[in-house]
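When we follow the UniProt record's numbering, the leftmost residue of the sequence shown carries the number 1, and every step to the right adds one.
Where is the CB? At the ideal position from N, CA and C, for every residue including glycine.
Here is the structure we will look at, set down as structure tokens.
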Amino acid sequence: MNYSENFGEESPILKLQPVEKSVKEVCAGSSSKITKTVEAYCESGLEFWVDLKSTTSFRSMDLPQLTVPAPPQGSSPQADHLSNFGSQMLLASNSIQRASDLLVSVSLGAEMNRIKTTELASQAMEELKKLALAREPLWQVDIENNTEILSGIEYTREFGDISTTLTEIVRMVEVRESQSLPNLDLNNSEYSVGSNEHRPRELGGPKPASFEASREIGFVQMNPASIIELLMDLGQWSQAFSTIVSRASIMGVLSSTGVQGNYDGTLQVMTAEFQAPAPLIPTRESYFARYCKNLGDGMWGVVDVSLEKLFQLPSRNFRRQPSGCLIQEMPNGWSQVIWIEHVEVDNTLVHNLFKLLVSSGFAFSAKRWVATLIGQCQWLETLTATRTTLAADGGDVSSQGRRSLLKLSERMVRSFYIDNISGSAENKWMPLPLGWPVSGAENVRISMKSSTDDPGKPPGSTVVFTTSINLPFPRKQVFSFLRDEKCRNEWDMLASNHGFNEYAYFANGKTPGNRVSILRAFNSNEVGIFYLQASYTDTTGSYVVYTPIDMYAMTELINGGNPDNLAILASGFSILPDKPMHRDDTGGSLLTIAFHVAAGTSTQEHVSAHQHANLMYCVLASTVVSVKEGLQST
1 MNYSENFGEE SPILKLQPVE KSVKEVCAGS SSKITKTVEA YCESGLEFWV
51 DLKSTTSFRS MDLPQLTVPA PPQGSSPQAD HLSNFGSQML LASNSIQRAS
101 DLLVSVSLGA EMNRIKTTEL ASQAMEELKK LALAREPLWQ VDIENNTEIL
151 SGIEYTREFG DISTTLTEIV RMVEVRESQS LPNLDLNNSE YSVGSNEHRP
201 RELGGPKPAS FEASREIGFV QMNPASIIEL LMDLGQWSQA FSTIVSRASI
251 MGVLSSTGVQ GNYDGTLQVM TAEFQAPAPL IPTRESYFAR YCKNLGDGMW
301 GVVDVSLEKL FQLPSRNFRR QPSGCLIQEM PNGWSQVIWI EHVEVDNTLV
351 HNLFKLLVSS GFAFSAKRWV ATLIGQCQWL ETLTATRTTL AADGGDVSSQ
401 GRRSLLKLSE RMVRSFYIDN ISGSAENKWM PLPLGWPVSG AENVRISMKS
451 STDDPGKPPG STVVFTTSIN LPFPRKQVFS FLRDEKCRNE WDMLASNHGF
501 NEYAYFANGK TPGNRVSILR AFNSNEVGIF YLQASYTDTT GSYVVYTPID
551 MYAMTELING GNPDNLAILA SGFSILPDKP MHRDDTGGSL LTIAFHVAAG
601 TSTQEHVSAH QHANLMYCVL ASTVVSVKEG LQST
């Protein structure tokens, strides 16, 4: 089945063999200003007004009302934990414009569309099984980078995904046409054999696209039924993968057993927006069908496949080829997960700083999904532990207080990824004005936000300002420096005159740096100020996220108070390797810095928007300089 072209047409695979030889033959062929501004920043206590507004508007369309059965809900412990989050947290609003287009154009209740989608999902499941279980030559091992590469030629042979150029060659050989073969030069061809670059012909000229394919195998301390429920329930999936999924919605359920907790044969139509941890990386939005099936012998499959071509809808240059996972039951409540990510995407809008990481497939790879799933299992174990926590200085936190702080930490990290560093259009990122005279300003992004009825956010206006830089230091070193409370006053301008200690912490897994910490700041003249900090690292990336909390609120949390009504603003760092497949102790790092602060109305004389933007730039520039100096000294 050709998922890149029309779904209903089969490519002539057998006809490719006589011309294989022909194909191979053709293919052979200013520091003082910053200091003053920073001093003003510190004196203001981060309370300033930014008169920056976005002119972007989003057309809202009324969605047709669908009468569809709700997906069955299970009652596992992790479901109970995630139920507080609620399935509605990331139910995408009408601003997902293509969702409206899909529902207006296609009635999911129409029998013909139901049959087409069901057939497509069944074919996608078969392809997923083959991709997950195949070995060489379909998957070729890259020993140097310790990864696998999907062979385009072998994939073509197996699944019939023939490009326009190869189809032309087949036709030419069949009719014995005497004409020049298409140019297969690496820079000009429609299809470069041996790479993953493919440029399909479209009206209005060629539009470049690339195929990203990856496979990852992991062992998860969770039984298959719980993993299936986590993937099929929107609320659980959105929260467990909140570092990857910024928005999601179920448009309709086409088939379901109707039995609580039984997802065998469930087919649902979804939309989702996938993110990487930097505003300079555009999000990827897709319509897809998600299909769950019991494959027998303790194995389950969950597959996604795009629906855009099936319904001939306008494309946003991203399609999910059959992607998902096989889940094999293992002894003692464990599962083996084989994850496949296979997409067609246009990466032309990715910032040059992240171009290599994204175009290689690493930024949205199967490795990232599996690492996140393993991290979620560790988090659930941490959350449900009943032990008290003691730190070196004697801080004592009860089990009830522990749960309150961990729940707040979970919300803090989710907010940081979705509101602070996601490239989603919802964030309405604005660059600094053109012609900004300082180098590095082109990477700065600003987003204005407003909250009126969310108890978890301060009322009024807030502002997020962020930038991304390349550091010549390994990710492991950067992560260790930024999470160490003893180094905090080296980069945190508001803490330059403070000392810090770790009042208490909660370990998250076995990696020493993966923890939720209560940091206490103090000096000789002030009452202590607390920070709640979450730090985590895995094979694909790291983060350090924090929020300040006053002494009275922290005391209430430690005693088990409700964390849902505490207004917080998360700030922090996201750390990625500067090249794909680098180990933590080699190569450089891509650091994204994001500050989220209140934008209070100033009582002083009017300050222009340009001056406020300059203030934010100087805060970021000073932080960058301090981080670099601190890393050099370590």
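### Message
Suppose you measure from the CA of N427 to the CA of G375; what does that come to, to the nearest Å?
### Response
Taking the straight line joining both Cα atoms gives about 26 Å.
### Query
Measuring CB to CB, does S246 end up less than 8 Å from T283?
Note that the C-beta distance between S246 and T283 is below 8 Å.
### Query
CA-CA distance, S214 and V545?
Distance from the CA atom of S214 to the CA atom of V545, rounded to whole angstroms, is 29 Å.
### Task
Mark H596 as exposed unless 16 or more other C-beta atoms lie within 10 angstroms of its C-beta, in which case mark it buried.
H596 is buried by the Cβ-count criterion.
### Query
For R319, which residues from the same chain have a beta carbon less than 8 Å from its beta carbon, with the 5 sequence-adjacent residues on both sides left out?
Answer for R319: Y3, S4, S286, S306, E308, K309, V343, E344 and V345, listed in chain order.
### Message
Here's the rule I'm using: 16 or more other beta-carbon atoms within 10 Å means buried, otherwise exposed. How should H612 be labelled?
### Response
Classified as buried, H612 has 16 or more neighbouring CB atoms from the shown chains inside 10 Å of its CB.
### Query
Thinking just about the alpha-carbon of each residue, which of F274, M232, W429 and I281 is nearest to the one in Q260?
Looking at the Cα atoms, M232 is the closest of the given residues.
### Task
Check the C-beta distance from Y617 over to V444 and give it rounded, since I have them as a contact under 8 Å.
Between Y617 and V444 a beta carbon distance of about 6 Å is seen, short of the 8 Å cut, so the two are scored as contacting.
### Query
Is it a yes or a no for the stretch 354–370 touching the stretch 249–264, going by three-plus beta-carbon pairs under 8 Å?
No, they do not touch.
### Task
Below 8 Å CB to CB, which residues in the same chain sit around Q88 once its five sequence neighbours on both sides are set aside?
Here Q88 scores only 34 on pLDDT, less than 50, and its place in the model is too uncertain to base an answer on.
### Query
Can you pull the DSSP bridge partners for N470?
Its beta-bridge partners are L590.
### Query
Which of the three DSSP states, helix, strand or coil, is assigned to Q140?
Under the three-state reduction of DSSP output, Q140 falls in the strand class.
### Query
Between the C-alpha atoms of H81 and T539, what's the straight-line distance to the nearest angstrom?
For H81, the predicted structure reports a pLDDT of 42, less than 50, and the residue's modelled location is therefore unreliable. A value from the coordinates is still provided. Answer to the nearest angstrom: the Cα atoms are 26 Å apart.
### Message
Can you tell me whether T133 is buried or exposed? The criterion is at least 16 other CB atoms within 10 Å of its CB, across all chains shown.
### Response
A quick correction: the sequence has Leu, not Thr, at residue 133. Classification for L133: exposed.
### Query
Using DSSP with H/G/I as helix, E/B as strand and the rest coil, what is A132?
Correct three-state label for A132: helix.
### Query
Just reading off the beta strand (DSSP E) that N614 is part of, what are its end residues?
In the DSSP assignment, N614 falls outside any beta strand (DSSP E) and lies within the alpha helix (DSSP H) extending over A609 to S633.
### Query
Can you tell me whether D578 is buried or exposed, with buried defined as 16 or more other CB within 10 angstroms of its CB?
Answer is buried; the Cβ neighbour count reaches 16.
### Query
What whole-angstrom Cβ distance do Y291 and A110 have, given they're in contact under 8 Å?
Cβ-Cβ separation between Y291 and A110: approximately 18 Å, too far for a contact (criterion under 8 Å).
### Query
Under a Cβ-count criterion, where at least 16 other Cβ atoms within 10 Å of its own Cβ denotes burial, should P433 be classed as buried or exposed?
Around the beta carbon of P433, a 10 Å sphere encloses fewer than 16 other beta carbons of the protein chains shown; the residue is thus reported as exposed.
### Task
Can you give me the start and stop residues for the beta strand (DSSP E) that L232 sits inside?
Checking the sequence, you will find Met at residue 232 rather than Leu. No beta strand (DSSP E) holds M232; the alpha helix (DSSP H) holding it covers P224 to M232.
#### Entry: Whole-angstrom C-beta distance between I250 and Q275, which should lie under 8 Å
No, Q275 and I250 are not in contact; Cβ-Cβ is about 19 Å, not under 8 Å.
### Task
Kindly list the residues whose CB is nearer than 8 Å to the CB of S571, restricted to its own chain and excluding five residues on each side of it in sequence; keep chain order.
Excluding the 5 residues flanking it on each side, S571 has same chain C-beta neighbours closer than 8 Å at F416, N420, V545, Y546, T547, A594, F595, H596 and V597, in chain order.
#### Entry: Cβ pair count under 8 Å reaching 3, the stretch 325–332 against the stretch 353–361
The stretch 325–332 and the stretch 353–361 do not touch, with fewer than 3 CB-CB distances between them shorter than 8 Å.
### Query
Closest by CA to N332, which one among V220, S468, K449 and F362?
N332 has its Cα closest to that of V220, out of V220, S468, K449 and F362.
### Query
How about S517 and Y536: do their beta carbons lie closer than 8 Å?
Going by C-beta atoms, S517 is not nearer than 8 Å to Y536.
### Query
Which of helix, strand or coil does DSSP assign to T147?
In this structure, DSSP gives T147 an extended state, which the three-state scheme calls strand.
### Query
Quick one: what's got a C-beta closer than 7 Å to Q378's C-beta in the same chain, skipping five residues either side?
Shown here for Q378: same chain residues with a beta carbon closer than 7 Å to its own, the five before and five after excluded, namely N508 and G509 in chain order.
### Span separating the alpha-carbon of D484 from that of A248
Looking at the two C-alpha atoms, the distance is approximately 35 Å.
### Message
Closer than 7 Å to a non-hydrogen atom of the ligand HEM - does that hold for the CB of I338?
### Response
The model on display carries no ligand, and the ligand HEM is accordingly not part of it.
### Query
Distance, Cα to Cα, N294 vs S542?
A direct Cα-Cα distance of roughly 35 Å separates N294 from S542.
### Query
Under the rule that 16 or more other beta-carbon atoms within 10 Å means buried, what is A609, buried or exposed?
Its Cβ having fewer than 16 others within 10 Å, A609 is exposed.
### Message
Can you find the residues in the same chain that come closer than 6 Å, C-beta to C-beta, to A574, ignoring five residues on each side of it along the sequence?
### Response
Looking at the sequence provided, one finds Ser at residue 574 rather than Ala. Contacts found: P277, I421, Y543 and T592.
### Task
Compute the Euclidean distance between the alpha carbons of F311 and I217, then round it to the nearest angstrom.
Taking the straight line from one Cα to the other gives about 33 Å.
### Query
A225: which of W139, Q336 and T452 sits nearest, CA to CA?
Taking the Cα of A225 as reference, the smallest distance to any Cα among W139, Q336 and T452 is reached at Q336.
### Pairwise C-alpha distance: T118 and E629
Spanning the alpha carbons of E629 and T118 requires a straight line of approximately 57 Å.
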